[in-house]
Amino acid sequence: MSAQTDPRVEAGRRVYEREKCATCHQIARRGNSRFPLDGVGARLTPDQIRRWMTHTAEMEAALPRLPAIRMSSTKYRLSKEDLDA
Numbered sequence: 484m485s486a487q488t489d490p491r492v493e494a495g496r497r498v499y500e501r502e503k504c505a506t507c508h509q510i511a512r513r514g515n516s517r518f519p520l521d522g523v524g525a526r527l528t529p530d531q532i533r534r535w536m537t538h539t540a541e542m543e544a545a546l547p548r549l550p551a552i553r554m555s556s557t558k559y560r561l562s563k564e565d566l567d568a
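Using the working numbering, the first residue of the sequence shown is number 484, and each one after it goes up by one.
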């Protein structure tokens with residue numbers, strides 16, 4: 484099964500759109516080019532990606548330098564299914 488036909492990818496795309504992630508992030512040249520997410524799955528583990536959504540301030544604090552725009556200012560209330568997507 485390719486990524487394009489994987490139902491989990493489509494579910495993730497719906498979460499990305501519903502939560503308006505493209506306001507700050509870009510995937511496949513769609514969204515804000517300042518913070519692209521292309522390839523993030525190769526750089527971070529699934530647990531790290533989940534922690535970015537559930538413990539955002541903690542993940543930002545571990546960066547070498549705090550980002551100018553803080554993702555932690557947004558409160559995410561995602562279900563387990565949304566996080567899995």
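Where is the CB? At the ideal position from N, CA and C, for every residue including glycine.
Annotation: the continuous alpha helix (DSSP H) that includes residue 499 extends over 490-501. A contact between stretches requires three or more CB pairs, one per stretch, nearer than 8 Å, and the segment 509-516 fails this requirement with the segment 542-551. Less than 8 Å divides the Cβ of residue 494 from the Cβ of residue 568.
In this structure, the alpha-carbon of residue 503 lies about 16 Å from that of residue 562. Secondary-structure assignment with DSSP links residue 509 through a beta bridge to 514 and 519.
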